[in-house]
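Visitor: Starting off with a structure, shown below.
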């Protein structure tokens, strides 16, 4: 009688072990699947945008109202360099960094139409000078809410002896 | 005993069928996701190709502003708009340049109304697909004869391959 009961108990244990094994197997597959899915999603949130890159490239050539020498109005790219060197001023007495700040805000807002109701919720623009001996932030601008999805790009141009790294992140 | 063995085999068969169904479902879901992302990347690539074509056009002698690479000469674009011979020159169904910044009056540019206008439509076939846009710099001389560049967008819709 006792042997029969022991046998049945062992069989139940085997069944339970089999069930647990299947559950663990399914859970592992589910976790692998979830991992792949989440990895793809993270990539989408920090998307490199070719649109933003072309925007940056075009924006650097836009002529501003800052006349740095007679008959010579600087474009955004030149203003970033002049703001970094801090040597020149606009002929109307305005500091190049202030002129740059105003122009950048105006262009970015006019193109991307940043607002809470709009598709684009905010932006972060940064220009940094980078050379072998020096790394310095030239200008940093941010507006709106940037805690959601991002699409951004970097545009680099030469600023001898280093380079100027300009980045723009648009938040959706 | 024989009946018990049959029952065990049946149980085993059910478990195997369940496992096969489970794996089939996992594979189907994976394939659906993969196909979706493939379609997305194909569309992205097509868009990039059209954008590259836009930049190539901006650099072509018919459009380019000599003092800056990748910039479009607005006056050249207006002159091209009036030439019928250029309608078939590029293999595109739609080619339009929009002046984005600073803001201008919303109307089509002609020699008569320029610079008080915001679009230059060079090619506009009867049927065309959704145009793809890319940002470019548009340059010209201002009223004092100084170089002046603004931000624009070039819209292109490629000819469909039949």
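Chains as they are written, first to last, in the working numbering: chain A, 1 to 172; chain U, 173 to 334. Ideal placement from N, C-alpha and C gives every residue a C-beta, glycine not left out.
1. For residue 148 (chain A), which option in A:119, A:135, A:155 has the closest C-alpha, if you only look at C-alpha atoms?
2. Apply the 10 Å Cβ neighbour rule to residue 308 (chain U) and answer buried if 16 or more other Cβ atoms are within range, or exposed otherwise.
3. Quick one: which chain A residues come within Cβ less than 8 Å of residue 178 (chain U)?
4. Chain B beta carbons: is any one of them nearer than 9 Å to that of residue 315 (chain U)?
5. Considering only residues of the same chain and omitting the five flanking positions on each side of residue 163 (chain A), which have a CB-CB separation below 8 Å?
6. 9 Å is my cut-off, CB to CB: does residue 235 (chain U) come that close to chain A?
7. Relative to chain A, which residues along the segment 274-299 of chain U have a C-beta separation below 9 Å, given in chain order?
8. Could you check where the alpha helix (DSSP H) with residue 51 (chain A) kicks off and where it finishes?
9. Pull up the CB-CB distance for residue 296 (chain U) and residue 270 (chain U), whole angstroms please, since I reckon it's below 8 Å.
10. Which term fits residue 43 (chain A), buried or exposed, when burial requires 16 or more other beta carbons within 10 angstroms of its beta carbon?
11. Across which residues does DSSP place residue 173 (chain A) in a beta bridge pair?
12. Taking residue 325 (chain U) as part of the beta strand (DSSP E), name the residues at either end of that continuous run.
13. Anyone know if the C-beta pair for residue 68 (chain A) and residue 90 (chain A) falls short of 9 Å?
14. Could you say if the segment 278-294 of chain U and the segment 195-202 of chain U meet the contact criterion of at least three C-beta pairs nearer than 8 Å?
15. In whole angstroms, what separates the C-alpha of residue 223 (chain U) from that of residue 70 (chain A)?
16. If you draw a straight line from the alpha carbon of residue 293 (chain U) to that of residue 267 (chain U), how long is it in whole angstroms?
17. Since residue 89 (chain A) sits in a beta bridge, which residues does DSSP pair it with?
18. Answer yes if the segment 250-264 of chain U comes into contact with the segment 228-241 of chain U, meaning at least three C-beta pairs across the two stretches below 8 Å, and no otherwise.
19. Note down, in chain order, every chain A residue with its Cβ under 7 Å from the Cβ of residue 309 (chain U).
20. Would you kindly check if the distance between the Cβ of residue 237 (chain U) and the Cβ of residue 228 (chain U) is under 9 Å?
21. Using a Cβ cut-off of 8 Å, pull out every chain U residue sitting near residue 149 (chain A), in sequence order please.
22. Given a threshold of 16 other Cβ atoms within 10 Å of its Cβ, counted over all protein chains shown, does residue 93 (chain A) qualify as buried or as exposed?
23. In chain order, what residues of the segment 103-117 of chain A put their CB closer than 9 Å to some CB of chain U?
24. Between the Cα of residue 133 (chain A) and the Cα atoms of A:160, A:113, A:105, A:73, which residue gives the shortest distance?
Guide: With the structure as the only source:
1. Out of A:119, A:135, A:155, A:119 has the C-alpha closest to the C-alpha of residue 148 (chain A).
2. Its Cβ being crowded by 16 or more others within 10 Å, residue 308 (chain U) is buried.
3. Simply none; closest approach about 17 Å.
4. No chain B is part of this structure, whose protein chains are labelled A and U.
5. Exclusion of the five residues before and after residue 163 (chain A) leaves 129, 130, 131, 156, 157 as the residues of its chain whose Cβ lies within less than 8 Å of its Cβ.
6. No, residue 235 (chain U) does not count as interfacial toward chain A.
7. So the close ones are 274, 275.
8. The continuous alpha helix (DSSP H) containing residue 51 (chain A) extends over residues 50-59.
9. Between residue 296 (chain U) and residue 270 (chain U), the beta carbon gap of about 13 Å keeps them out of contact (Cβ cut-off 8 Å).
10. For residue 43 (chain A), the predicted model reports a pLDDT of 47, less than 50, meaning its position is unreliable; a value from the coordinates is still stated below. Result: exposed.
11. Outside the shown range of chain A (1 to 172) lies residue 173 (chain A), about which nothing can therefore be said.
12. DSSP places residue 325 (chain U) in the uninterrupted beta strand (DSSP E) bounded by 319-330.
13. In contact: residue 68 (chain A) and residue 90 (chain A) (Cβ atoms closer than 9 Å).
14. The segment 278-294 of chain U vs the segment 195-202 of chain U: no contact.
15. Approximately 37 Å, taken between the alpha carbons.
16. Cα to Cα, residue 293 (chain U) sits roughly 6 Å from residue 267 (chain U).
17. Answer is A:95, bridged to residue 89 (chain A).
18. In the pairwise beta carbon analysis, the segment 228-241 of chain U is classified as touching the segment 250-264 of chain U: at least three pairs are separated by under 8 Å.
19. Residues of chain A with a Cβ closer than 7 Å to the Cβ of residue 309 (chain U) are, in chain order, 58, 61, 62.
20. Residue 237 (chain U) sits away from residue 228 (chain U), with the two beta carbons spaced by 9 Å or more.
21. Chain U residues near residue 149 (chain A): none, gap ~15 Å exceeds 8 Å.
22. Taking all protein chains shown into account, residue 93 (chain A) has fewer than 16 neighbouring C-beta atoms within 10 Å of its C-beta and is therefore exposed.
23. For the segment 103-117 of chain A, which is checked against every Cβ of chain U, the residues closer than 9 Å are 106, 107, 110, 111.
24. Looking at A:160, A:113, A:105, A:73, the one whose alpha-carbon comes closest to that of residue 133 (chain A) is A:160.
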